[in-house]
Amino acid sequence: MVSYSYNSSSAPNNCKMKTHTFHVPRAKINHFLSDQKFKVSAFEVFSAIIWKTLSKIKENPEETRMVTLCTNILREKEFESPSNGMVWSTVEADFWVAEAEVSELVELILNKREDENGMIEEMMGNTETGEKSSDFIAYGAKLTFVNLEEIEIYGLELKGQKPVYANYSINGVGDEGVVLVLPGPKCGKEGDGINGDRYVTMVLPENQLAQLKVELKRNWSIA
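Here you go:
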């Protein structure tokens, strides 16, 4: 097993955060994708499912009307930190997310993203010194979905052996939590990481994570 860790700017959490990883096999992913009207990736579908489910769990559904998306643009780069080459955007729903169809949320994620890179750079900047501030929480200030589907995390080779499992973890996550969608190991003669299994790693408030696990298993057979 190989684990990559990334430290984000941190602030004291108001609740205990916990990490959990789901393994989603290729057959189930293909089933989810076949239900969609448009050509989409596993990232959009998982984001929509988890967004909808967490909105049902939260006491105040207004808190989940807007989410943050973080998408990797340096495709198939080995061992990149999630901070490198990432496009930040937000998506806001003008309807109750908990009552929406997954396909509605997928369409929203695909077509209604608002770019936030410029705003983040401005907030991190220091106009007096020109230096960058580290006191900005990007991951988890709002519920954050990070797309690492196409990043190469299985390329590390030791004594001729490659990892059978690799994962990312992010420290310093804000109270709203973060969800990472990662590739499974490549399979087939040429390798098929894009269409293969996925690992979904999430850092969420402990009570929300416990309820989310129950709901995902009950409604989506994800465990």
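The opening residue of the sequence shown carries number 1409 in the numbering used here; numbering runs sequentially from there. We put the CB at the ideal spot given by N, CA and C, even for glycine.
Residue i burial status per 10 Å Cβ neighbour count (16 or more: buried)
i	result
R1606	buried
D1502	exposed
G1592	buried
E1507	exposed
A1631	exposed
E1500	exposed
N1480	buried
Span of the beta strand (DSSP E), counted from its first residue to its last, around residue i
i	result
T1398	Look at the range of the chain in this structure, 1409 to 1631, and you will see that residue 1398 is not part of it.
T1472	Segment: none, T1472 is in no beta strand (DSSP E) and carries neither H nor E.
S1577	A1574 to N1579
V1554	T1552 to N1555
L1612	R1606 to P1613
L1590	V1586 to P1591
Cα-Cα separation, residue i to residue j
i	j	result
C1478	K1464	23 Å
L1551	L1462	9 Å
G1580	F1440	31 Å
T1476	P1571	30 Å
N1534	K1445	Legend: pLDDT at N1534 = 46, less than 50; position of this residue unreliable, value from coordinates given subsequently. The straight-line gap from Cα to Cα measures roughly 45 Å.
V1554	G1568	31 Å
E1522	L1516	11 Å
A1574	N1438	22 Å
K1460	S1577	23 Å
K1392	V1448	Outside the displayed span of the chain (1409 to 1631) sits residue 1392, for which this structure offers no information.
L1556	M1494	10 Å
V1505	S1629	21 Å
G1620	A1546	Here residue 1620 turns out to be Leu, not Gly, going by the sequence shown. Straight-line Cα distance between these residues: approximately 22 Å.
A1618	E1524	31 Å
C1423	N1615	9 Å
M1610	L1588	6 Å
A1549	I1457	20 Å
I1559	N1519	23 Å
M1425	S1442	34 Å
Range of the contiguous alpha helix (DSSP H) that encloses residue i
i	result
L1452	According to the sequence displayed, residue 1452 carries Glu and not Leu. Per DSSP, E1452 belongs to the alpha helix (DSSP H) from A1450 to I1465.
V1505	Note, V1505: premise wrong, no alpha helix (DSSP H); not H, not E.
(message) Would the segment 1423 to 1432 count as touching the segment 1463 to 1482 if we require 3 or more Cβ pairs under 8 Å?
(response) no
(request) Decide yes or no for the touch test of the segment 1611 to 1625 against the segment 1446 to 1453: beta carbon pairs closer than 8 Å, at least 3 of them. (result) no
(request) Could you tell me whether the segment 1578 to 1588 touches the segment 1557 to 1565, where touching means 3 or more Cβ pairs closer than 8 Å? (result) no
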